[in-house]
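Residue numbers (the working numbering): 193 to 325.
Glycine included, each C-beta is placed from N, C-alpha and C at the ideal position.
The model shown is predicted, which means the values in this text are computed figures rather than measured ones.
Notes follow once the structure below has been shown.
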Amino acid sequence: MSESDFPGEGILWRGWNEETLALIQQKGLPVLLFVADPNALAWPFLKAVFRAMPANARLRELLHERYPALFLEADALPEELKLLGAGDRYHIAVLSPAGLTPMITIDPVHGAPAEVVAEIVRILERLDAVWRD
Numbered sequence: 193m194s195e196s197d198f199p200g201e202g203i204l205w206r207g208w209n210e211e212t213l214a215l216i217q218q219k220g221l222p223v224l225l226f227v228a229d230p231n232a233l234a235w236p237f238l239k240a241v242f243r244a245m246p247a248n249a250r251l252r253e254l255l256h257e258r259y260p261a262l263f264l265e266a267d268a269l270p271e272e273l274k275l276l277g278a279g280d281r282y283h284i285a286v287l288s289p290a291g292l293t294p295m296i297t298i299d300p301v302h303g304a305p306a307e308v309v310a311e312i313v314r315i316l317e318r319l320d321a322v323w324r325d
């Protein structure tokens, strides 16, 4: 992945495919999952959090340098993620690289969008402190 593949002020969201799964396995690091679900009651909050994410420079840095970001639409969720609650019990989560099980789920309704994004950053920073190569 080259520098030009990353949007300057954005986040490189990856889809569910062999390339992404290989990257996750290669990095061996947690994954930030965002499930877009226009039918969820929390959809207005999810949409607001998603729009606020690129504005946080630290989040962009963490996702650019360390943690893969996975964006999936609810109606295209793979069965293995659905079975673990994605798109139902949670829409934003940090997944373990081992089996993509949810380690931490984030409630998009818990505070203003920028506060939710700041909480994601705090979670990733705490993981960063213990998940060093």
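- If the five residues before and after Ile298 are omitted, its C-beta is found closer than 7 Å to the C-beta atoms of Ile284, Ala285, Val308, Glu311, Ile312, all from its own chain and listed in chain order.
- Pairing Gly277 with Leu269 gives a Cβ-Cβ distance that is not under 8 Å.
- The C-beta separation of Leu215 from Pro260 comes to about 6 Å, placing the pair in contact by the 8 Å criterion.
- In the DSSP assignment, Glu265 is bridged to Ala228.
- In the DSSP assignment, Trp205 forms a beta bridge with Ala261.
- For Pro294, the uninterrupted beta strand (DSSP E) run begins and ends at 294 to 298, by DSSP.
- About 5 Å separates the CB atoms of Leu287 and Val223; that is less than 8 Å, so the two are in contact.
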